[in-house]
Amino acid sequence: MTSDNSIHTSRRTFLGLALGGLATAASVRPAPAQRVQTKARIVIIGAGAAGTSVANRLVERLDGASITILDPSAEHLYQPGLSLVAVGLRPASYTQSNTADWLPKDVTLIPEAAAAIDAEAKTVGTSDGQTLSYDFLVVAPGLVLDHDAIEGFSLDMVGSNGIGALYAGPQYAAKTWEAASKFTEDGGVGVFTRPVTEMKCAGAPLKHTFLIEDIATRTAGAGKHEMHYAAHDGALFGVPIVSEKVRMLFGDRGITPHYRHVLKAVDGGRKIATFETPDGDTEMEYDYLHVIPPQRAPEVIRQSGLSWADKWTDQGWVEVDMKTLRHLRYPDIFALGDVAGVPKGKTAASVKWQVPVVEDHLVAAIEGREGRAAYDGYTSCPLITRVGRAMLVEFDYHNNLVPSFPGMIAPLEELWISWLMKEVALKATYNAMLRGKA
Amino acid sequence: MEQLTPETLIAVFEEIFGGPLFWGMVAVAVAVTLAYLYVLIRDRSMSMHKFLWAQLSMPVGAVAAVVFVLAITHSNMRDIGGPIDVIVLLGVAAMGAVGLAILVYTVQSLFRGSQQTD
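Same order as they appear, the protein sequences are chains A and B. Residue numbering for the first sequence follows UniProt numbering, starting at 1 and increasing by one per position. Residue numbering for the second sequence follows UniProt numbering, starting at 1 and increasing by one per position.
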């Protein structure tokens, strides 16, 4: 009696299905673009997210170009991972890889820093005294953390006596967790800061605050911790609608915001942080203090005359057109990533959108035409609010929200899927971007 | 996210589970699928008796898949925050259910053979 309650199958059905699947898979492969013949000499300063990604894409687009990339660091850092390292969810090694492993073989890596840029003579001097001539220069050295600007603070304080500083690198992020985990277990007063300058991922100070509050409440229980967040201006985030949402979440979670409080000095012995406010200096006691120092363009950029003369004068970001990322005075120079002098976009997600724009204009310039691509300030921040939840905040120059998945992933809702994107999908997309694939 | 290519998607899964675990699971899934196709072609029909056992195992597969994914992503049921999260979670459960059902069906067919009467 098998025939009545059985479904019959055949080899032909299977083969048909298999062929259909293969045909579908084959039809979605993109066609490769024609490579441009050129003898152009291109120098890229910095093999971070932006420099590496640009190098990989240019190699795909150009045939015969001489591409040189300068970076003194043998180690590439996956910086978005530092937030996870600083709360003990990932080891320091999660953020570390070899700079050279990400670069195509047709690119020459010089393991030195740029020491001088002469935009008139079109040369770059390296820290070991080499001089490189270029036809096009891509400036992407990242930024420097000015820890000395905070009186009484030095990096050797991180990890003990309740001091954290996750921006300073993988080891310091791991040490940050040493100090923070003690605070989550023992309870006390937590003070979280951000600098007054432009900064990498302005969401990270908030993420750290939310995560430590969440872990502290789970570890020691509610009511044992007092949480304070010191904002540099009158808002908690640069995009007003996001700032309001964060204000409401802070209210729910019992985190007290202090507006126009800029960290000025740390007394590690007495555990007192001094803040500059419009009403004069004010002191706050802490059991845990998270320090994020002022951030500036590297010295070589500020000395080379590439910076804005009338904007961010204490920070020195490169004077570029905000849509094309091309230097306003030297059209053969582009700047992207953290060093670019644009109002938004010091995140890896921004780099992902900036790279195709620089690639388009650079290749167009080689071909003697005008590029068409434009960057509109896209920045994305999976703003973690708990271990397991985040808001996928995406915005542009106009402070508009620009969700990638409208109607599916609400930008101002705390969702598990947004957490998944930060915790698991982001590094994979980042790596694909480094290879020029996404 | 600007482009989602198959390469990126594979990289995402490698990141979620770690390379060895991900490719190990892919190998197991491919092996089970091939074995399933093999028994279907060999038997030329689906046995409803075995299929019943396969169906009964589905809830177990669904729960196991959800527990596994939550654990590996440092998450908890309380993190489910909106409709999309419920959909993703149901998707995970559905995949676990179907996966285990196919496994149970295949294992029965391989070890009990095709001669068994229903």
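Glycine residues also receive a C-beta, built at the ideal position from the N, C-alpha and C atoms.
Contact with chain B by residue i, beta-carbon distance below 8 Å
{"i": "arginine 194 of chain A", "result": "no"}
{"i": "threonine 347 of chain A", "result": "no"}
{"i": "asparagine 399 of chain A", "result": "no"}
{"i": "lysine 437 of chain A", "result": "yes"}
{"i": "leucine 383 of chain A", "result": "no"}
{"i": "methionine 408 of chain A", "result": "yes"}
{"i": "isoleucine 215 of chain A", "result": "no"}
{"i": "alanine 204 of chain A", "result": "no"}
{"i": "isoleucine 417 of chain A", "result": "yes"}
{"i": "valine 387 of chain A", "result": "yes"}
{"i": "asparagine 161 of chain A", "result": "no"}
{"i": "threonine 429 of chain A", "result": "yes"}
{"i": "glutamate 359 of chain A", "result": "no"}
{"i": "leucine 420 of chain A", "result": "yes"}
{"i": "alanine 425 of chain A", "result": "yes"}
{"i": "glutamate 60 of chain A", "result": "no"}
{"i": "leucine 89 of chain A", "result": "yes"}
{"i": "alanine 173 of chain A", "result": "no"}
Per DSSP, the bridge partner or partners of residue i
{"i": "glutamine 37 of chain A", "result": "A/Asp63"}
{"i": "isoleucine 409 of chain A", "result": "Partner(s): none; isoleucine 409 of chain A has no beta bridge."}
{"i": "phenylalanine 136 of chain A", "result": "A/Ile42"}
{"i": "alanine 168 of chain A", "result": "Answer is none; alanine 168 of chain A lacks a bridge partner."}
{"i": "phenylalanine 334 of chain A", "result": "A/Val138 and A/Arg326"}
{"i": "leucine 143 of chain A", "result": "Beta-bridge pairing links leucine 143 of chain A to no other residue."}
{"i": "aspartate 156 of chain A", "result": "Beta-bridge pairing links aspartate 156 of chain A to no other residue."}
{"i": "histidine 258 of chain A", "result": "A/Ala230"}
{"i": "glycine 125 of chain A", "result": "A/Ala116 and A/Thr131"}
{"i": "aspartate 266 of chain A", "result": "It is worth fixing the name first, because residue 266 of chain A is valine in this sequence and not aspartate. BP columns for valine 266 of chain A point to A/Ala273."}
{"i": "glutamate 151 of chain A", "result": "A/Ala265"}
Cα-Cα separation between residue i and residue j, rounded to whole angstroms
{"i": "phenylalanine 13 of chain B", "j": "alanine 27 of chain B", "result": "14 Å"}
{"i": "phenylalanine 192 of chain A", "j": "phenylalanine 51 of chain B", "result": "58 Å"}
{"i": "glutamine 96 of chain A", "j": "valine 85 of chain A", "result": "11 Å"}
{"i": "isoleucine 67 of chain A", "j": "valine 59 of chain A", "result": "8 Å"}
{"i": "valine 36 of chain A", "j": "isoleucine 102 of chain B", "result": "51 Å"}
{"i": "glutamine 303 of chain A", "j": "tryptophan 317 of chain A", "result": "11 Å"}
{"i": "alanine 115 of chain A", "j": "leucine 145 of chain A", "result": "18 Å"}
{"i": "glutamate 185 of chain A", "j": "aspartate 71 of chain A", "result": "41 Å"}
{"i": "proline 411 of chain A", "j": "proline 403 of chain A", "result": "6 Å"}
{"i": "glutamate 151 of chain A", "j": "glutamine 315 of chain A", "result": "19 Å"}
{"i": "aspartate 118 of chain B", "j": "methionine 46 of chain B", "result": "Because the pLDDT at aspartate 118 of chain B is just 44, under 50, the model does not fix this residue reliably, and the point stays unresolved."}
{"i": "isoleucine 45 of chain A", "j": "leucine 109 of chain A", "result": "10 Å"}
{"i": "tyrosine 397 of chain A", "j": "valine 88 of chain B", "result": "32 Å"}
{"i": "valine 43 of chain A", "j": "arginine 247 of chain A", "result": "44 Å"}
Chain-order list of residues whose beta-carbon lies under 7 Å from that of residue i (same chain, five-residue window excluded)
{"i": "asparagine 5 of chain A", "result": "With a pLDDT of only 49 at asparagine 5 of chain A, under the threshold of 50, the placement of this residue in the model should not be trusted; the figure read from the coordinates follows. Nothing listed; no residue qualifies."}
{"i": "tryptophan 312 of chain A", "result": "Glu198 and Gly341"}
{"i": "threonine 131 of chain A", "result": "Thr123 and Gly125"}
Own chain residues within Cβ distance below 8 Å of residue i, not counting five before or after
{"i": "lysine 200 of chain A", "result": "Gln79, Leu143, Tyr167, Gln295, Asp338, Lys346 and Thr347"}
{"i": "arginine 260 of chain A", "result": "Ala231, His232, Asp233, Gly234, Thr277 and Pro278"}
{"i": "glutamate 2 of chain B", "result": "Note that glutamate 2 of chain B has pLDDT 48, beneath the 50 cutoff, so the model's placement of it is unreliable and no number is given."}
{"i": "threonine 73 of chain B", "result": "Ile16"}
{"i": "leucine 21 of chain B", "result": "none"}
{"i": "methionine 433 of chain A", "result": "Ala49, Ser53, Ala348, Val351, Lys352 and Val355"}
{"i": "arginine 90 of chain A", "result": "Gly81 and Leu84"}
{"i": "threonine 282 of chain A", "result": "His261, Thr274 and Phe275"}
Below-8 Å beta-carbon distance, residue i vs any chain A residue
{"i": "isoleucine 102 of chain B", "result": "no"}
{"i": "threonine 106 of chain B", "result": "no"}
{"i": "methionine 73 of chain B", "result": "In the sequence on display, residue 73 of chain B carries threonine and not methionine. Output row for threonine 73 of chain B: interface = yes."}
{"i": "valine 12 of chain B", "result": "yes"}
{"i": "threonine 33 of chain B", "result": "no"}
{"i": "glycine 19 of chain B", "result": "no"}
{"i": "glycine 81 of chain B", "result": "yes"}
{"i": "valine 88 of chain B", "result": "yes"}
Proximal residues to residue i (C-beta, below 6 Å), its chain only, five neighbours per side dropped
{"i": "proline 382 of chain A", "result": "Ala390, Leu392, Ser418, Met421 and Lys422"}
{"i": "proline 104 of chain A", "result": "Asn56 and Val59"}
{"i": "valine 158 of chain A", "result": "Ala165, Tyr172 and Lys175"}
{"i": "leucine 100 of chain B", "result": "Ser57 and Gly61"}
{"i": "serine 127 of chain A", "result": "Glu112, Ala113 and Ala115"}
{"i": "alanine 97 of chain B", "result": "Met58, Gly61 and Ala62"}
{"i": "threonine 256 of chain A", "result": "His228"}
{"i": "valine 387 of chain A", "result": "Asp214"}
{"i": "valine 196 of chain A", "result": "His232 and Val262"}
Ordered list of alpha helix (DSSP H) runs contained in the stretch 188-249 of chain A, each at least 4 residues: Restricting attention to alpha helix (DSSP H) runs no shorter than 4 residues, the stretch 188-249 of chain A encloses them at 204-220, ordered along the chain.
Those runs of the beta strand (DSSP E) which lie wholly inside the stretch 51-113 of chain A and span at least 3 residues: For the stretch 51-113 of chain A, whole beta strand (DSSP E) runs of length 3 or above, ordered along the chain, are 66-70, 75-77, 96-98 and 107-110.
4-residue-minimum alpha helix (DSSP H) runs that sit fully inside the stretch 366-433 of chain A, ordered along the chain: Listed in chain order, they are 416-420.
Runs of beta strand (DSSP E) lying entirely within the stretch 273-300 of chain A, each at least 3 residues, in chain order: Correct list: 280-285 and 288-290.
Minimum length 4: unbroken alpha helix (DSSP H) runs contained in the stretch 12-66 of chain B: Whole alpha helix (DSSP H) segments, 4+ residues: 19-43.
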